[in-house]
Amino acid sequence: MMMMMMMLLLLLLLLLMMMMMMMMIMIMVMMAADYVDIKPSPPVCCLENDINDIQISALQEIIRELEATYGVWVECSKVSLEYHLLSKGVIKMKHRHRSEKFKGYLKKVENGLKKLSRFDLPSVFKLLLSLCPRDPEDIEGLGVRLPSQQMFFFLMHRMHKAAELIHYLMENCINAYGALSQQVKLGIFVSFYMLHMSNVAGIWFILRAYMKSVQNLYCLIPDFAKSVKATQVPWVSEILPKNLDEFLPDTTPMEMLKSSPVTERLMSKIEGKTDSANFTEIKMEKIEDDLGESLCREELEKIVCKRKNKEVSAEGGKKMKMEASNMQTKEPDGSKRKTLKKKKKKKKNIVSK
1 MMMMMMMLLL LLLLLLMMMM MMMMIMIMVM MAADYVDIKP SPPVCCLEND INDIQISALQ
61 EIIRELEATY GVWVECSKVS LEYHLLSKGV IKMKHRHRSE KFKGYLKKVE NGLKKLSRFD
121 LPSVFKLLLS LCPRDPEDIE GLGVRLPSQQ MFFFLMHRMH KAAELIHYLM ENCINAYGAL
181 SQQVKLGIFV SFYMLHMSNV AGIWFILRAY MKSVQNLYCL IPDFAKSVKA TQVPWVSEIL
241 PKNLDEFLPD TTPMEMLKSS PVTERLMSKI EGKTDSANFT EIKMEKIEDD LGESLCREEL
301 EKIVCKRKNK EVSAEGGKKM KMEASNMQTK EPDGSKRKTL KKKKKKKKNI VSK
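Just so we're aligned, residue 1 is where the sequence shown starts under my numbering, counting upward by one.
Right under this line is the structure:
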């Protein structure tokens, strides 16, 4: 009996160990999925620098671009609303559309936006702006207090990693939009697919604004950062590119999707009076220009009813044509019968005579 008890205890311990190992593996997988390669911030400090007129003009340009970039990222804070809408849609589709491609793309966009929020770039921009002198009087002369070289490299590192992630997200947005437009062709759950299409398009537009602002700021920093004094505390040595041109968004896929027959047909049906060709010519340079398109369930139901009526009328027209063709084919048979009757009457008359 004692041996049996010992064996049972050992089995229980083994099961517990296996359960613990499985839990650890699950936690490791979840951490790897949410992992973001962000280096820690260097010591925040300012050092006195002797700068010439060329460096002063470069610094003023960097400060102006920093303010503009910070404004874009604060202005585009509504991406969180788009993220919440996307995450709710993905949760509702948990046990649906498992074999559809667009679901995988939407999940990738959701996870990528979650990672992008961890970069916290607006706070980094705000920190650099607070450390840089803004008044022209403070910039001129000797002993100008500027952020350390490590701080500028830290900003470049954050923007470089964010640009990689934004480029990845924009590609998935384009793929998701294309997959959803293919589903719209089927004419089933049109309002559902159009809702996600508008959501993905809004996210793509905000990400494009992020990318342009980061690229414009990044290209100004490398040359200026080399002339700034560095602290004695070493920071992470990482080779950073001089510009972010390789991560610039390729707008041709989105323009192709905008000019696709599916999108043009949908826009012409929703807008009604407006011409669908003008849709591709809209230039949205600011966030305020992206007003979107109002969707109404009643209008979509009317479109579906009109489509059904057209199909019914088309089927009725086909039946009418078929009947008319049948009647035309039957007419010569009737004429033959008449000629036969006439011949029979003539024969009868001849016989009677």
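Note that the Cβ used here is the ideal one computed from N, Cα and C, for glycine as well.
- Distances from the alpha-carbon of residue 92 to those of 196, 171, 313 put 196 closest.
- In the structure shown, residue 100 adopts coil according to DSSP, grouped into three states.
- In this structure, the alpha-carbon of residue 47 lies about 23 Å from that of residue 159.
- DSSP lists 47 as the beta-bridge partner residues of residue 146.
- Look at the stretch 123-205 and you find these whole runs of alpha helix (DSSP H), each 4 residues long or longer: 136-139, 149-184.
- Straight-line spacing of the CA atoms in residue 135 and residue 144 works out to 11 Å.
- For the pair residue 117 and residue 194, the Cα-to-Cα distance works out to about 26 Å.
- Around the beta carbon of residue 189, fewer than 16 other beta carbons lie within 10 angstroms, which makes this residue exposed.
- Using a C-beta cut-off of 8 Å, the stretch 105-113 makes no contact with the stretch 11-27, since fewer than three inter-stretch Cβ pairs fall below that distance.
- By the C-beta criterion, the stretch 202-218 is judged to be in contact with the stretch 229-246, since at least 3 inter-stretch pairs fall below 8 Å.
- In the three-state DSSP reduction, residue 216 falls in the helix class (H, G or I).
- In the three-state reduction of the DSSP assignment, residue 235 falls in the coil class, being assigned neither a helical nor a strand state.
- By the criterion of a C-beta distance shorter than 7 Å, residue 105 is surrounded in its chain by 172, 175, 176, 179, once the five residues flanking it on both sides are discounted.
- Residue 223 and residue 39 have their alpha carbons spaced roughly 22 Å apart.
- Take residue 203, set aside five residues on each side of it, and the residues of its chain with a beta-carbon closer than 6 Å to its own are 82, 173, in chain order.
- Taking residue 229 as reference, the option from 22, 51, 7 with the minimal CA-CA separation is 51.
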